[in-house]
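Peer 1: One rule links them: number in our numbering = place in the sequence shown (from 1) + 7.
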Amino acid sequence: MKVLMKPVDMIATYPRDGLPIPHKYRIAGTDDTAQVIKVDRILYKTEEKLAGNRMLIYKCQSIIAGSQRVYELKYEVNTCRWFLFKM
Numbered sequence: 008m009k010v011l012m013k014p015v016d017m018i019a020t021y022p023r024d025g026l027p028i029p030h031k032y033r034i035a036g037t038d039d040t041a042q043v044i045k046v047d048r049i050l051y052k053t054e055e056k057l058a059g060n061r062m063l064i065y066k067c068q069s070i071i072a073g074s075q076r077v078y079e080l081k082y083e084v085n086t087c088r089w090f091l092f093k094m
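Pasting the structure below:
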């Protein structure tokens, strides 16, 4: 997988007692077009600290351009921002 670390616009649910659950995200393309990708399956989630910042990592699976792809999303807890980390 290639490291991208691109910011994305995310639609997620935030349960009262748990961690955020990503549902779909929008990523900007190279020519000012946006692609919306639905998160079909969350394979697993882990937590890490990067330079003191708490990050949640979600390994997900979706159908993108007709093929099934595995990728990683990162959620930065302190700033509430989502990133497409690896694809």
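Built from N, CA and C at the ideal position, the CB exists for glycine as well.
Since this is a predicted model, take the numbers as computed values, not measurements.
Would you kindly work out how many angstroms separate the C-alpha atoms of P27 and A19, rounded to a whole number?
Peer 2: Each residue's alpha carbon lies about 6 Å from the other.
Peer 1: Who are the Cβ neighbours of R61 in its own chain at under 6 Å, not counting the five residues just before and after it?
Peer 2: Hits under 6 Å: V84.
Peer 1: Hey, would you say Y32 sits closer than 8 Å to L63, going by beta carbons?
Peer 2: Contact flag unset, no.
Peer 1: Could one say the Cβ of T86 lies closer than 8 Å to chain D's Cβ atoms, at least one of them?
Peer 2: Of the protein chains in the structure, only one exists, and it is not chain D.
Peer 1: If you follow the beta strand (DSSP E) that K31 is part of, which residue opens it and which one closes it?
Peer 2: Per DSSP, K31 belongs to the beta strand (DSSP E) from I28 to A35.
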